[in-house]
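What follows is a set of notes on a single structure, which appears directly below.
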Amino acid sequence: LAKTTQPISMDSYEGQEVNITCSHNNIATNDYITWYQQFPSQGPRFIIQGYKTKVTNEVASLFIPADRKSSTLSLPRVSLSDTAVYYCLVAGPNDYKLSFGAGTTVTVRA
Amino acid sequence: DTAVSQTPKYLVTQMGNDKSIKCEQNLGHDTMYWYKQDSKKFLKIMFSYNNKELIINETVPNRFSPKSPDKAHLNLHINSLELGDSAVYFCASSQSTLGEQYFGPGTRLTVT
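From first to last, the protein sequence lines stand for chains P and V. Going by my numbering, the first residue of the first sequence is number 1, and it counts up by one from there. Going by my numbering, the first residue of the second sequence is number 1, and it counts up by one from there.
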């Protein structure tokens, strides 16, 4: 299991772009990178998943450099409702030793 | 319809008691998980079940035991509860370890 490191917290303002970088130096060839979002008193929710280069969906983009030792979740034009904890998870097929760590607390201010 | 449900949502009990938390998923997923989230927001895997077989068992006390009567259910039994067991417990399911995990709403356990 590739251990991940994320910043503990980040502050932003409404309308700005938020970029959260996750380090995973020991990522294995078969590992994928997945990001989850968690609001207070709720379970985590899937945001985006990628293997390499760039992935984009309706809520976020995921940038993965060629060496795959890190990844960056990009949240465009955040709003107050994007205030949450964001977790980076690296895992491969049949990799059941999953651990989300402490995540990054993103606080969006008006 | 709720994809992953847990009961109860809140559980307050005294040290030494035995309690259970139920989890059900209606997504037809093959794998279910139990996580523990402490006050510092660390989300740690406790157990996972794949097709009714225990896949992993992290370093959790044997007071905790998962029970899976069928593929759609994974219940968590806790014996001789301790103060340190106080946390939020999440159940989740996925089609595979690479797939999106769907989490339940969580059960806040408070041991007094």
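Here a beta-carbon is modelled for each residue, glycine too, at the ideal position from N, C-alpha and C.
Leaving out five residues on either side along the sequence, give the residues of the same chain with a beta carbon under 8 Å from the beta carbon of V:Asn75. Here the set comprises Ser20, Ile21, Lys22, Cys23, Pro66, Lys67, Ser68, Pro69.
Residues of the stretch 54-67 of chain V whose Cβ lies closer than 7 Å to any Cβ of chain P, in chain order: Within the stretch 54-67 of chain V, the qualifying residues are Ile55, Ile56.
How would you write the range of the beta strand (DSSP E) that P:Asp11 sits in, first residue to last? Following the DSSP letters along the chain, one finds P:Asp11 inside the beta strand (DSSP E) bounded by residues 9-13.
Are any of the Cβ atoms in chain V nearer than 8 Å to that of P:Tyr86? Residue-level contact by beta carbon fails for P:Tyr86 and chain V, as no gap is shorter than 8 Å.
Inter-stretch contact at 8 Å, needing at least 3 Cβ pairs: the stretch 60-76 of chain P / the stretch 5-15 of chain V: These segments do not touch.
Hey, could you find the ends of the beta strand (DSSP E) V:Pro66 is sitting in? Per DSSP, V:Pro66 belongs to the beta strand (DSSP E) from 64-70.
Does the beta carbon of V:Gly104 sit closer than 8 Å to a beta carbon anywhere in chain P? In terms of beta-carbon proximity, V:Gly104 lines the interface with chain P, with at least one pair separated by less than 8 Å.
Whole-angstrom distance between V:Lys36 and P:Phe39, CA atom to CA atom: Taking the straight line joining both Cα atoms gives about 16 Å.
Distance cutoff 8 Å, beta carbons only. Does P:Asp11 sit that close to anything in chain V? No - not a single Cβ of chain V is within 8 Å of the one on P:Asp11.
Please determine, among V:Glu53, V:Ser94, V:Val60, V:Asn51, the residue with the shortest C-alpha to C-alpha distance to V:Asp85. Of the residues V:Glu53, V:Ser94, V:Val60, V:Asn51, the one whose Cα lies closest to the Cα of V:Asp85 is V:Val60.
Any beta carbon from chain P within less than 8 Å of V:Gln25's own beta carbon? Contact of V:Gln25 with chain P is not assigned, every C-beta pair being separated by 8 Å or more.
Taking one C-beta from the stretch 1-11 of chain P and one from the stretch 79-95 of chain P each time, how about it: are there three or more such pairs within less than 8 Å? Yes, since at least three Cβ pairs between the stretch 1-11 of chain P and the stretch 79-95 of chain P fall closer than 8 Å, the two stretches touch.
P:Ser79 versus P:Thr105: straight-line alpha-carbon distance, rounded: P:Ser79 and P:Thr105 have their C-alpha atoms some 14 Å from each other.
Measure from the alpha carbon of V:Gln25 to the alpha carbon of each residue in V:Asn79, V:Gln6, V:Glu82, V:Ile55, then state which is nearest. Selected option, being the one with the closest Cα: V:Gln6.
Going by the CB atoms, is the gap between V:Thr97 and P:Ala110 shorter than 8 Å? No; because the gap between Cβ atoms is not below 8 Å, this pair is not in contact.
Would you please verify whether the beta carbon of P:Gly103 is less than 8 Å from any beta carbon of chain V? Taking Cβ atoms only, chain V reaches closer than 8 Å to P:Gly103, which makes this a yes.
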